[in-house]
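Visitor: At position 1068 of the sequence shown (counting the first as 1) the number is 1299 in my numbering, and the numbers step up by one without a gap.
The C-beta atom is built at its ideal place from N, Cα and C for all residues, glycine as well.
As the structure is a computational prediction, the values presented were derived from the model and not from experiment.
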Amino acid sequence: MTTLLRDVIDIPERVGADDYVLRLTDSTNDDAHIEAALDQYVLTASLRDNFNAAIDIVADALTKDTSRAAYLTGSFGSGKSHFMAVLYALLGNHKAVRTEKFRDLTGRYDGELNGKKILRLTYHLLGARSLEQAVLKGYVEQIKVLHPDAPLPAVHVSDSLLDDADNLRKRMGDDEFLAGLGAGQGQGGGWGGLLGAAWDLPRYQAARHATAEDTERRELVSALVNSYFTSFSETADYVDLDRGLVVISEHTKSLGYDGVVLFLDELVLWLAFSVRDAEFFARESQKITKLVESSGRQRAIPLVSFISRQMDLRKWFADAGASGAEQEALDSAFQFQQGRFREIELGDDNLAEVAHSRLLKPKDEAARKILDDAFANLTRTAAVWDVLQDSLNTDDRHRGASEQEFRLTYPFSPALVSTLRNLSSVMQRERTALKVMQRMLVSLRDTLTVDDLIPVGDSYDFIVDGSDPIDGHAGAMFKAASDLYKNRLLPTLLDKHSVSHEQLVKDPASVPSGFRGQERIAKTLLLSAIAPKVPALRDITAARLAALNHGSIKARMAGGEARVVLGVVREWAQKDVPEITVSEGANPVIRVQLADVDYQSIIERVRGEDNSGRRRVLIRRLVHKALGVPSGQDDLSGAATRTVIWRGSRREVDIVFGNVRDAGSTPEQAFDPRPGTWRVVVDYPFDEAGYTSADDVNRIDRLLTSGDRSTLVWLPRFFTDSAMDDLALLVKLDWLFTGSGDRWTENSDHLSATDRAQARGILENLLSGTLTSLESLLKQAYGIEPADLKRISAESTQFDVLTSLSRDFSPALPPAASLEDALVKIVDQAFSAIYPQHPAFDPPSDEVSARNFETVRDYVERAATNRDGRVPTDPGTDRKTVRRVAGPLRVGKATEDHYLFGEDSFAYWAGELDRAALTADPLTVGAMQQHIEAIAPAWGLRPEARDLVISAWALLRKRAWFNAGAACPPPALGRMSPSIELRAEELPEQHAWDDARSNASKLFGYTIARTYLTGANVADFATQVRANATQSTNQLGYLVEEVERAYQRLGMTQGPGDRLASAIALRSLTERLQGMSGNVAVINAMAGADLPVAAETAGQIRNDAGRDTQALRSFKWKLVERLQQGVQRGDASGESARVIEKALHSAISIPGRSLSDELASVENKLVAWVVDEDGGGTPPPPPPPPPTVKGDATLNTTEDISIFVADLHKAIDEHGKEVHVHWWVD
């Protein structure tokens, strides 16, 4: 016989009203209550950290002598009051806390607070009229108990009145004062005399020192106001909180305390209950800040406040309908608090340990063994176990439960515990998670066995029935759920299983198990609507519903419970409970709409927005999205382009929507593809009345006779009437929530603001659900999922979904997970059919970029210039690229770490392009491209790949590139002009090539980018050398002329290796280079350049030729005649002249130094010498500039240019050193 659960754990016969509910003020009022609270407390690792944080806050306040405050946050049932009770005992170093359980905490206390005397005050705020009354009155009442002989603090406004009364009594004397005290109360009546006579000194003294709420004190204050202080009107109020806290800090310090700790239980809940009184709520909530900050006198000792908080007050205040200004003011106050209040979060993750210790603890070891065995026998199949462990929809905040945690809460599953934990924040205080668990155990006490796992659906009644949640929204959801169950679901269940309501109530044991199982499914669905944030209940499916109620649903085949549940729920949704929606797909999501709002009236208002045009636009948008086509990309013909990567090659597919049968909607040109692309014409899954899929098929047959096209026609199956109803609903909802203008407001203004908000949520959910359903239905319509004949027309299923207008391709609709997946696979079929030889670059979904092809060309060039045709590949990206491209494209061969290129490894393309070269004269890039494209079967190469093949052939056959008759470097792949010629090129020796490049760099500063010895590089290099030589020859000629003229003026003779000899030799070299026609000759001449100075020095002469020529022309040669006369003298002046002359000779004759700089230095010295010779006076002013001489010339031939240059020289010699030339070409 199965063991009852009550035999192994303690289950009471009835639920106590105060079970698992702790009132802070009651649990700390004597040792017995403190000991009981500590004994019941379950101290987990996270709670231990929370206590340490609380001790740190108190210690920090005392150390820094500043007030602190912290929120204890958590839902109802998270143990905030119990936490405060334990902290109360801990801060008081109560004897009951000195146990093994709390050893770590007492150690922390001893280390941080030992020797500190702390006044601990507990408060239960519910029922208070103001925060002042709660805090200050509570202080006075607790001080009277703790220190009965101590004077009370002056925290009541009447305290100052009594002080004034004492002073008045001293001045008047007791007799006169007491006699007048009753005189103002009743004139001439017996009662007035009686009251007046009653105020003797003992009674006065007793009333004077009573608390503010005492009746005698109130009588005294009233008498004083009537008799002596008629302007005083307040008789029972307290001073403001700011002042009051200063007073009690001073009072507490006078009693010998180091600090005060206020335990403010239920403060936030107290404020929440007053949220409808916006003025009161805003006023009192802002006072919380005063607990940490004083705007007046500094507090004598620090105050530390611990405030239990169940909810965010800002949210409650906004929900209560506060104005924008009020909310802004309150937000400012809370923002101020957030920077000053710390937070200690009492997480719900302690619930498993707490529930086990206080509710589910086995009676003894034998009982534990029985429960362990029962738990071990639970079904462990992943589909059930993961759901029960609450391991679905995990994220950073939700990790699910471990098997050990599951064992702690058994027979409650972690999923059920998670549901209770999430709802505890809105349930009543009496319906915390722990309390609901207890009530369920008590209810099932006589039937629940150790082998029974409590279904989630069984918790519904304990959560919803008779519940009055604190949160208004949750209350509305609870009511809507209850109404939906009682008015829709329960009658459906009773009718289905032939059970009367009377039988259900009076004889529940006779109700069939099928009813109970479906009842639990229904109630679990309602819980999923009430608590949509619970991970196990979010986006709930039939499989999860079955798992959450494991054992409640019976199926004929093992594992078939989910199918049974889905069938039941769908039947409810279709017949009796339209609030339930089931999405499409293999594992549909089930949703329940809970609201008592007329949302259908909004849909009725937008009924006219549904028409055939909008239906087509919506279908087109949805299918484009499903195919992965970017929105808004249509060209002028209505085609939208989808880019795909096929065999590593980027391709384009044009998608055209239209009614295939209607030539007006889709004219014949709409079926014509662009060159190199495929076109897919997509029809709609519906048509006008009277037309069927047969009409579309007839149009396709006519198109097949009109020519061959790379075009596919995707002909969907037609929607049934029910599917069209869903489309109509989606069109209306889509229009309502999209587009310009405030359509929502205009069509929902007949509802109240609250109903409008609820209706929007429902309709947005309806939009989402209908959209999901239709997206799934589109998969059926376009053939990638089996057709549900309730949603798809049976007549249209007899036609092929895909038809090709090309004779070279017969498509087959592939298995696919989505329309986009199907399109990619169809495109693969299509391009494979017309380009069967295209390389299969691996992986096929990653594009081979133009840069990748350029990398391969670089290796082709290296290998082509290597004697062995073999070069190593660089590890990493280069090696992967070469291995990916070279083999499939048949451009060389890539081994593990080398690349090979030659006749053998390029044999296929060498043969093909050699044949093209035989028939082309001249041989152009265009001819090669046309030959490659004409190869059959077709390769279908992209321009980059095709041009790589041509470049490789040119390297193998030593061809050079010529554009418009001039050599040019190899063009970029993919951008080769068809007119470029490929000419055979003789190659020099390698050493000559290397020497030529070195000398060109030194002489002309020209370095070729591609250094491999190829025909293209040779032609390009020779062209550049000629251009540099041509540019340099004229400049060097002018330099030679000016240097020769300088030699003549100075009487110098040319010597080997001097500047003149070097310039003449360099000019001779450039003249020969610019006139050479053969490229190899240019390279050989460049390599064998024989100059009287080093190539670097010659390069400097060439580079400075223009500047040095100008320097020689502008030098003050007339002063040299004076210098030459001065060198004949034998005095100091003559010696200076000889030094200057020598420097001038050296500057002009010795190469390797900047002639212009040297001349400038010599000229300065020369001018200074002449000035000294003239007597050291101020040098004469320079002669006036020569008059401007103007002239024009028209040059018609190249010979005219030489004549014109001679004229320029003459003009400079005769008129000055600046000549301005303006020229243009007609």
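#1: Who are Gly490's beta bridge partners in DSSP?
#2: Quick one: is Gln541 buried, meaning 16 or more other Cβ sit within 10 Å of its Cβ, or exposed?
#3: As an exercise, report each continuous beta strand (DSSP E) stretch of at least 3 residues that is fully enclosed by the stretch 880-942, in chain order.
#4: So, at 7 Å on beta carbons, what are the nonlocal neighbours of Tyr1013 in its own chain, with the 5 sequence-adjacent residues on each side left out?
#5: Count the other C-beta atoms from every protein chain shown that fall within 10 angstroms of the C-beta of Pro1414, then say buried if there are 16 or more, exposed otherwise.
#6: Out of Ala292, Ile242, Val928, state which residue places its alpha-carbon closest to the alpha-carbon of Leu677.
#7: Indicate the three-state DSSP secondary structure (helix, strand or coil) for Val875 in the structure shown.
#8: Write down the C-beta distance between Glu1216 and Val1249 rounded to the nearest angstrom, noting that I regard them as a contact closer than 8 Å.
#9: With DSSP as the reference, please indicate the residues paired to Arg822 in a beta bridge.
#10: For the stretch 1077-1149, which segments carrying the alpha helix (DSSP H) assignment without a break, of at least 4 residues, lie completely within its bounds, in sequence order?
#11: Are the beta-carbon atoms belonging to Ile1211 and Trp1184 less than 7 Å from one another?
#12: In the structure shown, what three-state DSSP assignment does Gly423 receive?
#13: Kindly list the residues whose CB is nearer than 8 Å to the CB of Lys375, restricted to its own chain and excluding five residues on each side of it in sequence; keep chain order.
#14: Any chance you could list the beta strand (DSSP E) runs of at least 3 consecutive residues sitting entirely within the stretch 1289-1342, in chain order?
#15: So for Thr663, helix, strand or coil by DSSP?
#16: Grouping DSSP H, G and I as helix and E and B as strand, with all else coil, what is Ala441?
#17: Report yes if the CB atom of Asp1466 is closer than 7 Å to the CB atom of Ala1198, and no otherwise.
#18: Residues in its own chain within less than 7 Å of Arg530 by CB, not counting five upstream and five downstream?
#19: Taking only runs that begin and end inside the stretch 253-278, name each unbroken alpha helix (DSSP H) of 4 or more residues, in chain order.
#20: If Val386 and Val371 are in contact, beta carbons under 8 Å, what's the gap, nearest whole angstrom?
#21: Taking the continuous beta strand (DSSP E) assigned at Ile1381, which residues delimit it?
#22: Taking just the CA atoms, how far does Arg573 sit from Leu591?
#23: Where do the ends of the beta strand (DSSP E) carrying Glu1212 lie?
#24: From Ser1136 to Pro1119, what does the alpha carbon distance come to, in whole angstroms?
#25: Hey, could you find the ends of the alpha helix (DSSP H) Ala614 is sitting in?
#26: State yes or no: is the C-beta of Ser490 within less than 7 Å of the C-beta of Ile288?
#27: Going by CA-CA distance only, name the one from Glu1006, Ala762, Tyr319 that's closest to Arg852.
#28: Taking Ser340 as part of the beta strand (DSSP E), name the residues at either end of that continuous run.
#29: Tell me where the beta strand (DSSP E) around Leu651 begins and ends.
#30: How long is the line joining the alpha carbons of Leu797 and Val1058, rounded to whole angstroms?
#31: Chain B beta carbons: is any one of them nearer than 7 Å to that of Ala1363?
#32: Would a C-beta distance cut-off of 7 Å place Gly782 and Phe1072 closer than the cut-off?
#33: For Ala1048, name the three-state secondary structure that DSSP assigns.
#34: Sort Val470, Asp473, Leu392 by Cα distance to Ala454 and report the nearest one.
#35: List the endpoints of the continuous alpha helix (DSSP H) containing Pro320.
#36: Kindly list the residues whose CB is nearer than 6 Å to the CB of Gly1408, restricted to its own chain and excluding five residues on each side of it in sequence; keep chain order.
Guide: Well, looking at it:
#1: Ile349
#2: buried
#3: 880-888, 909-913
#4: Trp945, Pro947, Val1032, Leu1050
#5: Residue placement at Pro1414 is flagged as unreliable, the pLDDT there being 49, under the threshold of 50; a coordinate-derived value is accordingly withheld.
#6: One point to set straight first is that residue 677 is Asp, not Leu, in the sequence displayed. Ranking the options by Cα distance to Asp677, first place goes to Ile242.
#7: strand
#8: 6 Å
#9: Thr812
#10: 1081-1095, 1108-1120
#11: no
#12: Unreliable placement is indicated for Gly423, whose pLDDT of 38 sits below 50; the coordinate value is still reported in the next sentence. Correct three-state label for Gly423: helix.
#13: Leu383, Thr442
#14: none
#15: coil
#16: coil
#17: In the structure as shown, the chain starts at 232 and stops at 1457, and residue 1466 therefore has no counterpart that could be examined.
#18: Ser298, Leu476, Val477, Ser480
#19: 255-258, 262-271
#20: 7 Å
#21: Looking at the DSSP string, Ile1381 is not in any beta strand (DSSP E), and its letter there is neither H nor E.
#22: 34 Å
#23: 1212-1215
#24: 12 Å
#25: 613-619
#26: Before going on, a small fix: residue 490 reads as Gly here, not Ser. Not closer than 7 Å, so no.
#27: Glu1006
#28: The sequence as given places Tyr at residue 340; Ser does not occur at that position. Here Tyr340 belongs to no beta strand (DSSP E); instead the alpha helix (DSSP H) covers 334-344.
#29: Counting along the chain, Leu651 falls outside any beta strand (DSSP E), though it belongs to the alpha helix (DSSP H) covering 645-654.
#30: 37 Å
#31: No chain B appears in this structure, which consists of one protein chain only.
#32: no
#33: coil
#34: Leu392
#35: The residue you asked about is not Pro; residue 320 is Ala in the sequence shown. Run containing Ala320: 311-322, per the alpha helix (DSSP H) assignment.
#36: For Gly1408, the predicted model reports a pLDDT of 49, less than 50, meaning its position is unreliable; a value from the coordinates is still stated below. Hits under 6 Å: none found.
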